[in-house]
């Protein structure tokens, strides 16, 4: 029999065939030939059983392969069909040979005439050098084995069918046979019925070889039987970080993995990277995504799920995974005040402590312009409206919006100083003889200066300066800077005169280097002359 997995019945039939072959070599009479007839029928029944088994095997391969889309599976199904067709063609040619053998006994089927035919007509046909029938038969068997090896990619799995006795365990040491070739051993001095049984026995080997080939393809497409060779304990903690004195809680379970299998893993249908865990060797899918959620009302938590899927050839395992998304707390610092100044560069720091090193924000604003700072969490907000809303986004996920009130810029106050830089006492005034010049400057509100120092720079652009005496104007100057030259008036000064400074135009330099005009409301400074 073939070198596959033989049943006890196959082994028994094979042994009986070998014993009868040995008896035939001793020229035992017709009783032995009758047993060959029985063996031939039994071998043909065995062939029919194997044929049915192989046909079912092909159907199973096709069914399993239809569920798979990988090229290996499709190739296995196609090659399995080719093996079945090859076996069919091979057996058809062998059956034609058997009919020819029977016809040499002037019969169309096995009968008494065939069983009792002791002639050497079959031997002559199969061994005679002038006949190609035997050589073609031997080549047919050898080609069959070679093609099985090619189709399966495993030629070492298929032993030779047309073996000489030297390659058979039962006859390898027999000096009467181990020097013979395959055809001589099979058909020399062999009656027709014995030759028929011998050929049928070779057909059973053909069928067993086919079954072995189909087993190879079944292994490619059939994933229902897995051998788990990596079994390790796993612990799933409820929390990886636990405060001192708090409970550590976890679930412990067993997980298993098959080294020969590379599963495909998915989250919501999207493929995951599958790697070998360095500690356990178990294959694991790397799940990583940005958690998003819509929070109802004042809720700070939202229950979410995703579908976890693991695919092993034609098997798919799915389970829903629940998790909770917590609304992150946005922490905002704006220096010393919680409000912003209109059209100023308000430096704001917006942090989300819960995200730690994963915090990589971007910002959008309603009612303001935003300029990014040198740190990820630092921005400058330039309000254009009285209410500003800043939306915090982390890697494309909106974390929430923060609102700010906006106040107007406080008006500056104006200070007059003499040429020595001393502030003039507006109640008592200045001595006219020593007053050669004045400097009038716009000074910012102290809180405004502390909160947005880069926006608190003012400059007086134009003033009207009047030397007044009683109700009359003595002289007038139009000045386009903060410096007033009063030296030309020294000779005109009289005690009781007044220098009236009417501020016309003031600008503020913004943090972006632009000049903004400041609204003026009756900004007049009066300096009495002593």
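Residue numbers (my numbering): 13 to 542.
C-beta: ideal position from N, C-alpha, C; glycine also.
Rounding to the nearest angstrom, what Cα-Cα distance links residue i and residue j in this structure?
i, j, result
"residue 80", "residue 127", "52 Å"
"residue 542", "residue 423", "31 Å"
"residue 191", "residue 200", "13 Å"
"residue 512", "residue 340", "60 Å"
"residue 405", "residue 391", "13 Å"
"residue 195", "residue 321", "59 Å"
"residue 179", "residue 246", "54 Å"
"residue 164", "residue 369", "54 Å"
"residue 482", "residue 360", "54 Å"
"residue 421", "residue 277", "59 Å"
"residue 106", "residue 176", "19 Å"
"residue 353", "residue 395", "7 Å"
"residue 121", "residue 111", "8 Å"
"residue 131", "residue 74", "48 Å"
"residue 299", "residue 333", "12 Å"
"residue 610", "residue 445", "The structure shown has nothing for residue 610, since the chain only spans 13 to 542."
"residue 62", "residue 69", "10 Å"
"residue 86", "residue 329", "23 Å"
"residue 90", "residue 67", "14 Å"
"residue 389", "residue 411", "14 Å"
"residue 527", "residue 501", "33 Å"
Rank the options by C-alpha distance to the C-alpha of residue i and give the top, closest one.
i, options, result
"residue 463", "339, 357 and 438", "357"
"residue 226", "76, 506 and 148", "76"
"residue 441", "508, 431 and 64", "508"
"residue 232", "485, 540 and 78", "78"
"residue 56", "529, 149 and 210", "210"
"residue 413", "262, 289 and 344", "344"
"residue 409", "384, 372 and 380", "372"
"residue 291", "393, 244 and 533", "244"
"residue 273", "286, 88, 182 and 83", "286"
"residue 434", "419, 452, 417 and 418", "452"
"residue 493", "47, 53 and 454", "454"
"residue 471", "448, 263 and 495", "495"
"residue 460", "498, 485 and 419", "419"
How far does the beta strand (DSSP E) with residue i in it reach, from first residue to last?
i, result
"residue 527", "527-529"
"residue 321", "313-324"
"residue 168", "Per DSSP, residue 168 belongs to no beta strand (DSSP E) and is neither H nor E."
"residue 246", "242-249"
"residue 152", "Segment 145-164 is the alpha helix (DSSP H) holding residue 152; no beta strand (DSSP E) there."
"residue 490", "484-491"
"residue 125", "Here residue 125 belongs to no beta strand (DSSP E); instead the alpha helix (DSSP H) covers 124-127."
"residue 538", "536-540"
So, with DSSP's three-state summary, where would you put residue i?
i, result
"residue 308", "coil"
"residue 80", "coil"
"residue 183", "coil"
"residue 221", "helix"
"residue 403", "strand"
"residue 296", "strand"
"residue 357", "coil"
"residue 473", "strand"
"residue 445", "helix"
"residue 274", "coil"
"residue 330", "strand"
"residue 48", "helix"
"residue 268", "strand"
"residue 429", "strand"
"residue 110", "helix"
"residue 60", "helix"
"residue 519", "strand"
Enumerate in chain order the residues of its own chain whose CB-to-CB distance from residue i is below 7 Å, with the five nearest sequence positions on each side excluded.
i, result
"residue 160", "95, 170, 221 and 225"
"residue 207", "113, 134 and 199"
"residue 535", "426 and 515"
"residue 218", "99, 102, 103, 156 and 173"
"residue 466", "357 and 523"
"residue 331", "320"
"residue 387", "none"
"residue 267", "244, 246 and 294"
Leaving out five residues before and five after residue i in sequence, what residues of the same chain have Cβ atoms less than 8 Å from its Cβ?
i, result
"residue 143", "136 and 137"
"residue 306", "314"
"residue 436", "428, 429, 430, 442, 450 and 539"
"residue 237", "With a pLDDT of 39 at residue 237, under the threshold of 50, the modelled position of this residue cannot be trusted, and the question is left open."
"residue 256", "none"
With residue i as the anchor, note down where its alpha helix (DSSP H) starts and where it stops.
i, result
"residue 195", "194-199"
"residue 392", "Per DSSP, residue 392 belongs to no alpha helix (DSSP H); it is in the beta strand (DSSP E), 390-395."
"residue 120", "No alpha helix (DSSP H) contains residue 120, which DSSP labels as neither H nor E."
Compare the C-beta of residue i with all C-beta atoms of chain C and state if any pair is closer than 8 Å.
i, result
"residue 329", "Here there is only one protein chain, and chain C is not present."
Cutting at 6 Å between CB atoms, please list the residues of its own chain near residue i, excluding the five before and the five after it.
i, result
"residue 337", "303, 305, 314 and 316"
"residue 265", "246"
"residue 242", "269, 293 and 294"
"residue 383", "392"
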